[in-house]
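Line by line, the protein sequences are chains A and B.
No gaps in the numbering here: position 30 of the first sequence is 30 in full-length UniProt numbering, and each next residue is one more.
No gaps in the numbering here: position 243 of the second sequence is 243 in full-length UniProt numbering, and each next residue is one more.
Glycine included, each C-beta is placed from N, C-alpha and C at the ideal position.
Because the structure is a prediction, the values reported are computed rather than measured.
Encoded as structure tokens, the structure appears first; notes follow it.
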Amino acid sequence: MSATPEAAPAARARRRARPRVNLTRWAKGGGLHAVLFAVPVVVVYLYFSWGPVVQGLVFSFQKTNLIRPAEWVGWSNFEYVLGDPGLVQASLNTAYFALLALVFGFPIPIILAVLVTELRKYDTLYNALAYLPAVIPPVAAILLWKFFYDPDSTGLFNSVLGWFGLGPYPWLNDSSSAMPSIVLYATWAGAGSTAIIYIAALATVRTELYEAAEIDGAGIWRRIWHITLPQLRGVIFVMMLLQLIGTFQIFSEPFLFTGGGPNNATQTILLKIYNYAFVNGDFGAATALSVLLALALGLLSAVYYFVTRKWSAA
Amino acid sequence: MTLTGKPSRARRKAGEAKERGVISTTDRKRPIVRTWFTIVQTILLIVLIITGLGPLLWSAKASISSSNAIVTEPMGIWFTPAEWGNLLLAWNGAQIGRSLINTVILAVGSTASTLIVSVAAAYLLSVLRPKWGPILSGAILATLFLPGVISFVPLYLTILDMPLLHIGLQDTFWAVWLPAGASAFNVVVLKRFFDSIPREYMEAAKIDGAGPIRILTMVVLPLSRPILGVIVLLSVVGSWKEFLWPMLVLSNPELQPVSVMLPKLAAGNSPLSVQMAAVFLSILVPVVIFAIFQKQFLRGVGSAGGIKG
């Protein structure tokens, strides 16, 4: 599409020759309908998506308590938030959660998907069972699990483990086991729906390669390792990013399980934002921390977008 | 990546996969492979039944057991007599019935708002294509990058007092319905689907004298039924699971959905058996919806993953 010097003046002349915008012609050509469809879209996005984003940026530089008029305070909200000794703990906790979820929770859906794909019968039953936890409302599930995690020896998990001579474990009541307990719940809640996505991806794996590998004498494990997993590489990367983005915004689980305790061991960044805004009434600090978190997450999603776009183009 | 390209290919591949996966037909005949496969398959089934159905069945039994039995011997409740009164107590006394109705209202309204706004946006960007379309499309796409966190607090303040209009939506269902409309992901999904509809259909309708609105309702929407179904299902279950946002904007107990009601119930001093009955009642509806529309759910989640990927 290189514009040669000769072509450029011609194009300019064509543009000049075009008739000016005519209102009736515009309406007849569907312009009116376009505006009609655009109004609800623009209003909803303006009020509930674009507006709040801009407002968030503005608020992070202001001091406001909703009663007195807001005043500009420069970077002081950011200084306050970054100087908060609790932030380091909350960031470390969030990172710890992300790490645990990645190490223990991440491989389970992949294993599940590979196994279910090999089934010749009843695979829909397996799928449905695996997906079931994803339709249970988290609040109900968390209340149920909170009861399962009862630290007494008569608690459900402890009494089951007791049959094998294990425990009783303190679960949520101990600062070292609280976070792993929450990760265990989150893995249960999320594994099935992630596995369904892997299963869909596995349906497109090129099976010719298995035959070729067989001829070369590769066993079942080597076929999985050298053919199945490499072909899932793309989906695995995407799910990893989505999981990271999700874990950085974790709220309901620590809020309902532990409220951030014991000893702030499950305090997360979003819980801090919630506390700044709705416990302390400090909307400036809350939005400042939101902006910082959003920057980190925006970076992750940009990576995600460009990498997936490259794949879809290929 | 595109939805249209995928199903045919996926179906073909799925058909092939039925003939072979990692394990070939010859492998399957080998006794050692067969034994191991059966063992793994059985273990997997047991694990899935325990993790998938277990909590559900346990809460079903707990909802009709006495508090005392639940606390002292949580695994022994299978053998205690049923106390059906718990469910009634939860439904009436603990206002679970009222809050379940609220949840339904919220789910239906949020889904309608998502559908209306996303269909309008997708139709505009895919079919009408005004000159300023790319700007709008870019602005909607940009919100995909911005995590919800950044607008969370200002969105709450918007609900308290809408700029320019100065209307407060706090303690109205609109506070949940309207923000649900701004779902960029659904716009992208729908636009991709609309893009895949052959233009000839729309041209033909146009020649027959149909205007843009008739083309949408008579041609585009009927052809998009599968993707609309998936969006409806995922949106209903999604809003059934909402917790933080309804808790913030609906402070009136008369309006609160069951997800906001449950933790309050647990924090209060209602007996454990009633709590468990409430938990079970709130789980029941989405599970039944899933049981009925299982196939659509699983296909929808799989293909949505395809779009995401």
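For phenylalanine 106(A) and serine 66(B), what's the separation of their Cα atoms in angstroms?
38 Å
Identity of the residue in Ala120(B), Ile292(B), Gln170(B), Leu106(B) nearest leucine 34(A) by Cα
Here residue 34(A) turns out to be alanine, not leucine, going by the sequence shown. Checking every option, the nearest Cα to that of alanine 34(A) belongs to Ala120(B).
Chain B contact for glutamate 214(A) (CB, 9 Å cutoff):
yes
Going straight from the alpha carbon of valine 58(A) to that of phenylalanine 173(B), what length do you get?
28 Å
Go ahead and label isoleucine 101(B) buried or exposed: buried means 16 or more other beta carbons lie within 10 angstroms of its beta carbon, across all protein chains shown.
exposed
Do alanine 62(B) and proline 74(B) have their CB atoms nearer than 9 Å?
yes
If leucine 281(B) and tryptophan 91(B) are in contact, beta carbons under 8 Å, what's the gap, nearest whole angstrom?
7 Å
Under 9 Å from the C-beta of phenylalanine 59(A): neighbouring residues of chain B
Val153, Pro154, Leu157
Classify proline 253(B): buried if its beta carbon has 16 or more other beta carbons within 10 angstroms, exposed otherwise.
exposed
If we count the other Cβ atoms within 10 Å of its Cβ and call it buried at 16 or more, is methionine 202(B) buried or exposed?
buried
Pick from Leu32(A), Phe306(A), Tyr47(A) that is closest to alanine 175(B), judged by C-alpha positions:
If you compare the alpha carbons of Leu32(A), Phe306(A), Tyr47(A) with that of alanine 175(B), the shortest gap goes to Tyr47(A).
Within the same chain, show all residues whose beta-carbon is closer than 8 Å to that of leucine 144(B), passing over the 5 residues directly before and after it, in chain order.
Ala184, Phe185, Val188
DSSP bridge partner residues for lysine 272(A) (one or two, in chain order):
BP columns for lysine 272(A) are empty, so no partner.
Where the alpha helix (DSSP H) through methionine 276(B) begins and ends
Per DSSP, the unbroken alpha helix (DSSP H) holding methionine 276(B) starts and ends at 272-292.
So leucine 48(B) contacts chain A; which residues on that side make the cut at Cβ distance below 8 Å?
Tyr126, Leu129, Ala130
Looking at proline 286(B) and proline 137(A), is the spacing between their C-beta atoms short of 9 Å?
yes
Is glycine 148(B) closer than 9 Å to glutamine 249(A) when the C-beta atoms are compared?
yes
Straight-line CA distance for alanine 69(B) to valine 288(B)?
Using only the alpha carbons, I get a separation of about 28 Å.
Out of Pro180(A), Gly260(A), Ala134(A), Leu143(A), state which residue places its alpha-carbon closest to the alpha-carbon of threonine 51(B).
Ala134(A)
Is leucine 298(B) buried or exposed, if buried means 16 or more other CB atoms sit within 10 Å of its CB?
buried
Label glycine 74(A) either buried or exposed according to how many other C-beta atoms from any shown protein chain fall within 10 Å of its C-beta, with 16 as the threshold for buried.
exposed
Neighbourhood of tyrosine 71(B) by C-beta distance below 7 Å, restricted to the same chain and skipping five residues each side
It is valine, not tyrosine, that sits at residue 71(B) in the sequence shown. So the list reads Leu272, once near-sequence residues are dropped.
Distance, threonine 154(A) Cα to serine 118(B) Cα:
50 Å
Taking phenylalanine 37(A) as the reference, give the member of Pro130(B), Leu89(B), Ile96(B) with the closest Cα.
Pro130(B)
Nearest by alpha-carbon distance to leucine 250(B): which of Trp84(B), Ser99(B), Pro222(B) is it?
Ser99(B)
To the nearest angstrom, report how far apart tryptophan 177(B) and glycine 21(B) are at their CA atoms.
45 Å
Between proline 109(A) and alanine 195(A), which are expected to be in contact by the criterion C-beta below 8 Å, what is the C-beta distance as a whole number of angstroms?
4 Å
Go ahead and label methionine 179(A) buried or exposed: buried means 16 or more other beta carbons lie within 10 angstroms of its beta carbon, across all protein chains shown.
buried
Taking beta-carbon pairs under 9 Å, can you tell me which members of the region 49-73 of chain B lie near chain A?
For the region 49-73 of chain B, which is checked against every Cβ of chain A, the residues closer than 9 Å are Ile49, Thr51, Gly52, Leu53, Pro55, Leu56, Trp58, Ser59, Ala62, Ile70, Val71, Thr72, Glu73.
Assuming threonine 266(A) and asparagine 93(A) are in contact, meaning their beta carbons sit under 8 Å apart, how far apart are those beta carbons, in whole angstroms?
6 Å
Host alpha helix (DSSP H) of proline 263(B) (start-end)
258-267
Identify every residue that forms a DSSP beta bridge with glutamine 62(A).
Trp72(A)
Any chain A beta carbon closer than 9 Å to lysine 295(B)
Interface residue, yes.
Buried or exposed for alanine 204(B), please, with buried defined as at least 16 other CB atoms from any protein chain shown within 10 angstroms of its CB.
exposed
Under 9 Å, Cβ to Cβ, is there at least one residue of chain B near tryptophan 145(A)?
Contact with chain B is found for tryptophan 145(A), since one of that chain's Cβ atoms lies less than 9 Å from the residue's Cβ.
Segment limits, alpha helix (DSSP H) that includes asparagine 186(B):
184-196
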